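Structure first, commentary second.
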Amino acid sequence: MAAVTLAAEQASYRVDGRNLLDQVSLILVPGEVHAVLGRNGAGKSTLLRLLAGDIQPQGGSVTLNGRALPAWTPRERARRRAVLPQSESLRFGFSAEQVVAMGRYASAQHRPEVEQGIVREALQLAGVADLAQRRYPSLSGGERARVQFARVMAQIWEPPADGAAKDDGARYLLLDEPTASLDLAHQHGCLLQARRFAASGVGVLAVLHDPNLALRYSDRVTVLENGRVTGQGPTRELLSRELLERTYGIGIELVHTAGEALPVVVAHPANSLPSS
Amino acid sequence: MNPLLASLRRPLPLCLLLGLLALAAAASGLAAGPAAISGGEVLGALGLGPGVDSTVSSTILQLRLPRVALGLIVGAALAVSGAAMQGVFRNPLADPGLVGVSSGAALAAVAAIVLGPALGLAFAGRWLLPLASFGGAAVTTLLVSRLSRVDGATQPAQMLLVGLAVNAISGAGIGLMAHVASGPALRALTFWMYGSLGRVGWPEIAATAPVVALAVLLIPTQGRELNALLLGEAEAAHLGVDVERLKRWLVLLVLLAVGGAVALTGIIAFVGLIVPQLIRLWAGPDHRLLLPASALLGGALLTVADTVARTVAAPIELPIGVLTALIGGPFFIALLLRLRGRGETW
Numbered sequence: 128m129a130a131v132t133l134a135a136e137q138a139s140y141r142v143d144g145r146n147l148l149d150q151v152s153l154i155l156v157p158g159e160v161h162a163v164l165g166r167n168g169a170g171k172s173t174l175l176r177l178l179a180g181d182i183q184p185q186g187g188s189v190t191l192n193g194r195a196l197p198a199w200t201p202r203e204r205a206r207r208r209a210v211l212p213q214s215e216s217l218r219f220g221f222s223a224e225q226v227v228a229m230g231r232y233a234s235a236q237h238r239p240e241v242e243q244g245i246v247r248e249a250l251q252l253a254g255v256a257d258l259a260q261r262r263y264p265s266l267s268g269g270e271r272a273r274v275q276f277a278r279v280m281a282q283i284w285e286p287p288a289d290g291a292a293k294d295d296g297a298r299y300l301l302l303d304e305p306t307a308s309l310d311l312a313h314q315h316g317c318l319l320q321a322r323r324f325a326a327s328g329v330g331v332l333a334v335l336h337d338p339n340l341a342l343r344y345s346d347r348v349t350v351l352e353n354g355r356v357t358g359q360g361p362t363r364e365l366l367s368r369e370l371l372e373r374t375y376g377i378g379i380e381l382v383h384t385a386g387e388a389l390p391v392v393v394a395h396p397a398n399s400l401p402s403s
Numbered sequence: 029m030n031p032l033l034a035s036l037r038r039p040l041p042l043c044l045l046l047g048l049l050a051l052a053a054a055a056s057g058l059a060a061g062p063a064a065i066s067g068g069e070v071l072g073a074l075g076l077g078p079g080v081d082s083t084v085s086s087t088i089l090q091l092r093l094p095r096v097a098l099g100l101i102v103g104a105a106l107a108v109s110g111a112a113m114q115g116v117f118r119n120p121l122a123d124p125g126l127v128g129v130s131s132g133a134a135l136a137a138v139a140a141i142v143l144g145p146a147l148g149l150a151f152a153g154r155w156l157l158p159l160a161s162f163g164g165a166a167v168t169t170l171l172v173s174r175l176s177r178v179d180g181a182t183q184p185a186q187m188l189l190v191g192l193a194v195n196a197i198s199g200a201g202i203g204l205m206a207h208v209a210s211g212p213a214l215r216a217l218t219f220w221m222y223g224s225l226g227r228v229g230w231p232e233i234a235a236t237a238p239v240v241a242l243a244v245l246l247i248p249t250q251g252r253e254l255n256a257l258l259l260g261e262a263e264a265a266h267l268g269v270d271v272e273r274l275k276r277w278l279v280l281l282v283l284l285a286v287g288g289a290v291a292l293t294g295i296i297a298f299v300g301l302i303v304p305q306l307i308r309l310w311a312g313p314d315h316r317l318l319l320p321a322s323a324l325l326g327g328a329l330l331t332v333a334d335t336v337a338r339t340v341a342a343p344i345e346l347p348i349g350v351l352t353a354l355i356g357g358p359f360f361i362a363l364l365l366r367l368r369g370r371g372e373t374w
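Protein sequences appear in the order of chains A and B.
If you use our numbering, the first sequence corresponds to residues 128 to 403, in order.
If you use our numbering, the second sequence corresponds to residues 29 to 374, in order.
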């Protein structure tokens, strides 16, 4: 029986002779939140695009539920994995609700009332139910990000009914810096929601910049440096002071506070290490 | 808002209303003109009432009916093509006229008129103009979409600049043709530059209109895909849209519609820009509504515009392209100001 995962195996991707990704392996398992950390330009977004099927690896492979990504039709793929882009560019005046409904393009399979119910519920979970009728371009950056989050959840709301393969209906959500334009409360709200979504049988991959968010909300983490994996494993075991200092090239302290199981990652710019 | 008005933002009621509007435009186009013909006589000539004398009958069937048919079909083609191009290129200002597709088609057609006899192309007969026109539209469409790509994505501003250059080159080409042309060919040229619904009759319409009509009917089937495309090309692909296939297919349909329209009536500017914007202003950007509604409103408006153009200063007939540009130019400026003011698109 084929593995029910979204997996990159020894995947490499080069542009103009430069290795953006060098033999990267990553297995995204339904039910888990998997964080990707690394400096700017480390290859985090490239890895996400590779897993999304936007780009093809020049070496290695990417498989979705045991089948090579290109072997799925675009619609079959869309019913199994959704992608939250880092930035959005919609300038036409759709309502927030219409934007979320677009997420159902390949997945719509119910009567209109049921479909509309899914859209409403997704808006609710993303905390933007009250914005449903607002024109998308008139929303703030953070509000737009949450509407997009609702859209990608709606896309893989339930297991696919296309019977294209015996794949347990496993689904995957790829989030490229989902917290970038969100305030502190909404950063936590978004990842908390991602966790809940994962619990319903979705593998969630999140590119993050804040190690604290990774510590709190991810089960596993992959650390990238110059296109190579420099750390991979259960988040709380892996994210040591040494690894973080090496990864970010900055002094790091893990502060334990009373009554909190998790340490807080604090950066000390004054103790910067010479950048590599 | 008044519930009746609100319901007119829904697809079916709005399309029904616009359909009635197109019908009314057609009826008034048949009835209006230098020769006073009553509504009853119009029906008679169409075979829907008691027989009428042959002068009236041929005025309606050979002079006015082809114009009305052209107005409906060319107006629909230009408007729905504008809406589709704006969606494909995610640019509310992408109009077949503005980005140079119409003028490219016109240049090819004009070149065929002026140089055709010398090049021995006369054998193509009434197919020559539409074929040249489709070819010109295809070449400019490819040119514009290639040249407006920056890093693999189509840049709206780049596209307008490329369109500006293509329009300038085509305009110069048409001017050059006018310089070398003589007599009847020269008169034909003014028609291409300013457009007219009065130059072709049934044989030309029969040769070209079916292709245009087919494109007009097929474009609205891609509404959901175009909606997804507005999110971005990568996002649409993530949603399961085969983006490259969709773009190729729509660009093909648009150039068939626009190439055919130009072959029949010359360049008629701004219809493809104004009509979709009006629909978006009224009912929002959803392509499932926008595409069919634009086709209906485009047909109605061009038919009305033609009726005005040939009656307002009768017996002189205003070139219809001049009329649409007179209305469309200021509208375009208002649109730019509004876009600037709101930092958004409809």
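We put the CB at the ideal spot given by N, CA and C, even for glycine.
These figures come from a predicted structure and were not determined experimentally.
Residues near residue i in its chain [Cβ-Cβ closer than 6 Å; skip 5 each side]
{"i": "Asn-195/B", "result": "Gly-128 and Ser-131"}
{"i": "Leu-153/A", "result": "Ala-135 and Thr-349"}
{"i": "Ala-328/B", "result": "Leu-49, Ala-50 and Ala-53"}
{"i": "Ala-256/B", "result": "Ala-264, Leu-267 and Val-269"}
{"i": "Ser-109/B", "result": "Pro-124, Val-282, Ala-285, Val-286 and Gly-300"}
{"i": "Val-239/B", "result": "Leu-284 and Gly-288"}
{"i": "Val-190/B", "result": "Val-172, Leu-175 and Ser-176"}
{"i": "Gly-186/A", "result": "Ser-139"}
Rounded C-alpha distance that separates residue i from residue j
{"i": "Leu-74/B", "j": "Ala-200/B", "result": "44 Å"}
{"i": "Leu-258/A", "j": "Pro-39/B", "result": "23 Å"}
{"i": "Ile-377/A", "j": "Gly-268/A", "result": "30 Å"}
{"i": "Leu-292/B", "j": "Pro-184/A", "result": "50 Å"}
{"i": "Phe-219/A", "j": "Ser-322/B", "result": "17 Å"}
{"i": "Gly-158/A", "j": "Val-329/A", "result": "5 Å"}
{"i": "Ile-101/B", "j": "Leu-280/B", "result": "18 Å"}
{"i": "Glu-253/B", "j": "Leu-246/B", "result": "13 Å"}
{"i": "Ala-272/A", "j": "Ala-209/A", "result": "15 Å"}
{"i": "Ala-235/B", "j": "Arg-154/B", "result": "8 Å"}
{"i": "Tyr-140/A", "j": "Trp-230/B", "result": "59 Å"}
{"i": "Ala-362/B", "j": "Gln-305/B", "result": "11 Å"}
{"i": "Ala-211/B", "j": "Leu-204/B", "result": "First, the residue type needs correcting, since residue 211/B is Gly and not Ala in the sequence shown. Cα to Cα, the separation comes out at about 15 Å."}
{"i": "His-313/A", "j": "Phe-359/B", "result": "42 Å"}
{"i": "Ala-341/A", "j": "Leu-177/A", "result": "21 Å"}
{"i": "Leu-188/B", "j": "Ala-165/B", "result": "16 Å"}
{"i": "Gly-193/A", "j": "Arg-298/A", "result": "13 Å"}
{"i": "Gly-67/B", "j": "Val-336/B", "result": "18 Å"}
{"i": "His-395/A", "j": "Ala-388/A", "result": "22 Å"}
Reduced DSSP category for residue i - H, G, I as helix; E, B as strand; rest coil
{"i": "Tyr-232/A", "result": "coil"}
{"i": "Ala-50/B", "result": "helix"}
{"i": "Gln-150/A", "result": "strand"}
{"i": "Ile-185/B", "result": "Before going further, note that residue 185/B is Ala rather than Ile in the sequence given. In the structure shown, Ala-185/B sits in a helix (DSSP, three-state: H, G or I)."}
{"i": "Leu-309/A", "result": "coil"}
{"i": "Gln-137/A", "result": "strand"}
{"i": "Met-128/A", "result": "For Met-128/A, the pLDDT reaches just 45, beneath the cut-off of 50, and the residue's location in the model is therefore unreliable, leaving the point undetermined."}
{"i": "Thr-384/A", "result": "coil"}
{"i": "Ser-85/B", "result": "helix"}
{"i": "Pro-201/A", "result": "helix"}
{"i": "Leu-351/A", "result": "strand"}
{"i": "Ala-398/B", "result": "With chain B running from 29 to 374 in the structure shown, residue 398/B is simply not present."}
{"i": "Leu-346/B", "result": "coil"}
{"i": "Ile-379/A", "result": "strand"}
{"i": "Pro-358/B", "result": "helix"}
{"i": "Ala-162/A", "result": "strand"}
{"i": "Leu-45/B", "result": "helix"}
{"i": "Arg-322/A", "result": "helix"}
Residues near residue i by beta carbon distance below 7 Å, same chain, minus five either side
{"i": "Ala-297/B", "result": "Gly-125, Gly-349, Thr-352, Ala-353 and Gly-356"}
{"i": "Phe-276/A", "result": "Leu-211, Ala-253, Pro-305 and Cys-317"}
{"i": "Arg-95/B", "result": "Gly-57, Leu-225, Gly-226 and Asp-334"}
{"i": "Val-160/A", "result": "Ala-321, Arg-322, Ala-325, Val-331, Ala-333, Tyr-344, Ser-345 and Asp-346"}
{"i": "Gly-296/A", "result": "Pro-286 and Pro-287"}
Within chain C, the residues that residue i reaches when beta carbons sit closer than 8 Å
{"i": "Glu-215/A", "result": "Although the question refers to chain C, the structure presented lacks it and instead comprises the protein chains A and B."}
8 Å CB neighbourhood of residue i in its chain, flanking five on each side removed
{"i": "Ser-222/A", "result": "Ala-259, Gln-260, Arg-261, Arg-262 and Tyr-263"}
{"i": "Trp-374/B", "result": "Reliability of the predicted coordinates at Trp-374/B is poor, the pLDDT of 42 falling under 50, and the value obtained from them is presented with this limitation in mind. Counting only Cβ-Cβ distances below 8 Å, and skipping sequence neighbours, we find Pro-120, Gln-305, Arg-308, Leu-309, Gly-312 and Pro-313."}
{"i": "Thr-169/B", "result": "Val-129, Gly-132, Val-279, Val-282 and Leu-283"}
Chain A contacts from the stretch 268–281 of chain B (Cβ-Cβ distance under 8 Å): Under the 8 Å Cβ criterion, the stretch 268–281 of chain B contributes Gly-268, Val-269 and Asp-270.
Short-range partners of chain A found in the stretch 323–335 of chain B, where Cβ spacing is below 8 Å: Here the close residues number zero.
Given a limit of 7 Å on CB to CB distance, which residues of the stretch 233–259 of chain B reach chain A? So the close ones are Arg-252, Asn-255, Ala-256, Leu-258 and Leu-259.
Which parts of the stretch 221–295 of chain B are runs of the alpha helix (DSSP H), unbroken and 4 residues or longer, counting only runs that do not cross its ends? As far as the stretch 221–295 of chain B is concerned, its whole alpha helix (DSSP H) runs of at least 4 residues are 230–246, 251–258, 261–266 and 271–293.
Near-chain A residues of the stretch 293–321 of chain B (beta-carbon distance less than 7 Å), N- to C-terminal order: Within the stretch 293–321 of chain B, Gly-312, Pro-313 and Asp-314 place their CB atoms closer than 7 Å to a CB of chain A, listed in sequence order.
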